[in-house]
Amino acid sequence: MAKGCLASRPDTDSSQSNPLTTGLGSDRISDEPFQEEEQKMPQRHSKNNNDLAFFTYDEKRKLGYGTQKERLGKDSIKPFDVCSLCLKPFIEPMSCLKGHVFCKECILECLLAQKKDIQRKQAAHAAQQKQEKEEEEERLMLQKARELEAFDQQNHGAIPKYNDKGHNSTDKNEFHGANSVKTTSYEEEALRTMKAFWLPSATPEAPKKVAPPPSDTVCPEGKEKLRMKNLFPIHFTEDTNDKQKIRSSSLDKTYICPSCKVTLTNTLSLVALSSCGHVFCKKCAGKFMAVDKVCLVCDKPCKERNLVDLVKGGTGFAGHGDHLEAKDFKHLGSGSGLGLVRPAMKT
Numbered sequence: 001m002a003k004g005c006l007a008s009r010p011d012t013d014s015s016q017s018n019p020l021t022t023g024l025g026s027d028r029i030s031d032e033p034f035q036e037e038e039q040k041m042p043q044r045h046s047k048n049n050n051d052l053a054f055f056t057y058d059e060k061r062k063l064g065y066g067t068q069k070e071r072l073g074k075d076s077i078k079p080f081d082v083c084s085l086c087l088k089p090f091i092e093p094m095s096c097l098k099g100h101v102f103c104k105e106c107i108l109e110c111l112l113a114q115k116k117d118i119q120r121k122q123a124a125h126a127a128q129q130k131q132e133k134e135e136e137e138e139r140l141m142l143q144k145a146r147e148l149e150a151f152d153q154q155n156h157g158a159i160p161k162y163n164d165k166g167h168n169s170t171d172k173n174e175f176h177g178a179n180s181v182k183t184t185s186y187e188e189e190a191l192r193t194m195k196a197f198w199l200p201s202a203t204p205e206a207p208k209k210v211a212p213p214p215s216d217t218v219c220p221e222g223k224e225k226l227r228m229k230n231l232f233p234i235h236f237t238e239d240t241n242d243k244q245k246i247r248s249s250s251l252d253k254t255y256i257c258p259s260c261k262v263t264l265t266n267t268l269s270l271v272a273l274s275s276c277g278h279v280f281c282k283k284c285a286g287k288f289m290a291v292d293k294v295c296l297v298c299d300k301p302c303k304e305r306n307l308v309d310l311v312k313g314g315t316g317f318a319g320h321g322d323h324l325e326a327k328d329f330k331h332l333g334s335g336s337g338l339g340l341v342r343p344a345m346k347t
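Heads up: the sequence shown begins at 1 in the UniProt record's numbering, then just goes up one per residue.
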């Protein structure tokens with residue numbers, strides 16, 4: 001019985017000692033401590049995007065503002081057997097003296113378009129020079145006429161003019177002597193040194209000038225001077241094995257060195273002879289053609305200056321010498337800005 005009394009005392013004591021549970025139903029009374037609901041503090045306004053008068057670093061980064069860098073892979077690098085303009089397997093390949101390979105049709109169209117553009121710019125530059133010359137002549141004529149008028153006013157402007165109505169009558173529009181010349185010169189000086197740049201009538205107009213265009217066509221790949229006579233056709237030796245005959249219908253072709261029969265790949269350095277156009281690997285070219293001065297295919301004599309190093313294809317490895325990083329400056333940003341959008345709060 002004592003145990004029962006002891007067991008019933010905590011219930012009565014807890015209901016009397018805790019004032020928060022007074023007057024509540026029996027279902028709200030429990031032994032657990034009273035827990036208040038956690039209230040989340042509102043986030044700071046400084047965390048809100050687009051709330052400042054300037055862009056933060058995180059906003060610039062997500063919008064893609066400034067210099068953007070990208071690591072290029074093998075798919076972004078041109079192989080050795082494609083045209084530098086159309087980026088397709090070349091047809092009737094031609095090379096410049098710097099080793100850039102193009103399709104014959106592509107490079108001829110490019111040079112023709114450059115010539116037309118040069119002619120258009122030269123015509124615009126000539127028209128601009130003619131207009132500037134005419135404006136200069138007109139300015140000199142106006143200046144001379146202004147000087148003559150000022151001289152005439154200084155010598156004959158002080159004589160008073162009389163009319164029939166009387167000598168005391170004055171005209172506001174007539175000339176009042178040499179003082180008006182001083183006033184005119186003062187006004188011109190004031191207009192020349194006027195600081196009211198906000199006036200629309202006083203804002204200067206930027207002259208549109210056409211720079212003198214270059215007279216020579218350039219290589220679209222190396223940006224050096226290029227003419228038609230500097231191009232020469234090149235000839236690759238195709239692999240005629242039985243395995244390659246099966247793939248004859250495909251656009252992919254395999255080329256070999258005509259001397260050592262090694263398959264030409266992007267890792268090899270190639271040399272073309274400008275005298276005949278045959279392509280060899282650099283090892284055979286340095287061992288035979290540079291010594292014998294004769295092409296190994298057509299026995300045509302060649303000199304050391306006829307050996308042109310072709311541009312190697314890309315492998316995707318930095319050790320190969322490929323430029324694997326692309327940079328571009330974006331004024332407005334290349335990003336979508338979706339990274340700045342914060343997800344909605346869960347309710």
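The C-beta atom is built at its ideal place from N, Cα and C for all residues, glycine as well.
Bear in mind that the values here come from a model prediction, so they are computed numbers and not experimental data.
- Query: By how many angstroms is the C-alpha of Asp239 removed from the C-alpha of Val279?
  - Reply: 13 Å
- Query: Are there three or more Cβ pairs, one per stretch, closer than 8 Å when the stretch 86-102 is compared with the stretch 303-310?
  - Reply: yes
- Do Pro233 and Val297 have their CB atoms nearer than 8 Å? no
- In angstroms, rounded to a whole number, what distance separates the CA positions of Leu268 and Ala290? 18 Å
- Once you ignore the five residues that flank Ser26 on each side, which residues in its own chain have a CB closer than 7 Å to its CB? Because the pLDDT of Ser26 is 45, which lies under 50, any placement of that residue in the model is unreliable, and the question is left without a value.
- Find the nearest neighbour of Lys104 within the set Val82, Lys121 and Asp117, judged by alpha-carbon distance. Val82
- Query: Does the beta-carbon of Thr67 have 16 or more other beta-carbons within 10 angstroms, so that it is buried, or is it exposed?
  - Reply: exposed
- Item | Phe90 burial status per 10 Å Cβ neighbour count (16 or more: buried) | buried
- Message: Nearest by alpha-carbon distance to Ser215: which of Val294, Lys116, Glu134 and Leu270 is it?
- Response: Lys116
- Item | Minimum C-alpha distance to His100 - residue among Arg305, Lys121 and Leu85 | Leu85
- Task: Give every residue of the same chain whose Cβ lies closer than 8 Å to the Cβ of Leu270, excluding the five residues on either side of it in the sequence, and list them in chain order.
- Result: Phe80, Leu264, Val279, Phe280, Cys281, Lys282, Asp309, Leu310 and Lys312
- Query: For Ile256, which residues of its own chain have a beta-carbon under 7 Å away from its beta-carbon, when the five flanking residues on both sides are left out?
  - Reply: Thr237, Asp239, Val262, Thr263 and Leu264
- Give the DSSP-derived three-state secondary structure of Glu138 in the structure shown. helix
- Inter-residue CB distance, Pro213 and Ile118 (contact presumed, cutoff 8 Å): 5 Å
- Query: Name the DSSP beta bridge partners of Cys295, please?
  - Reply: Paired residue(s): none; Cys295 is not in a bridge.
- Item | Reduced DSSP secondary structure (H/G/I, E/B, other) of Arg71 | strand
- Message: Would Val210 and His125 be called neighbours here (beta carbons separated by less than 8 Å)?
- Response: yes
- Going straight from the alpha carbon of His331 to that of Phe55, what length do you get? 13 Å
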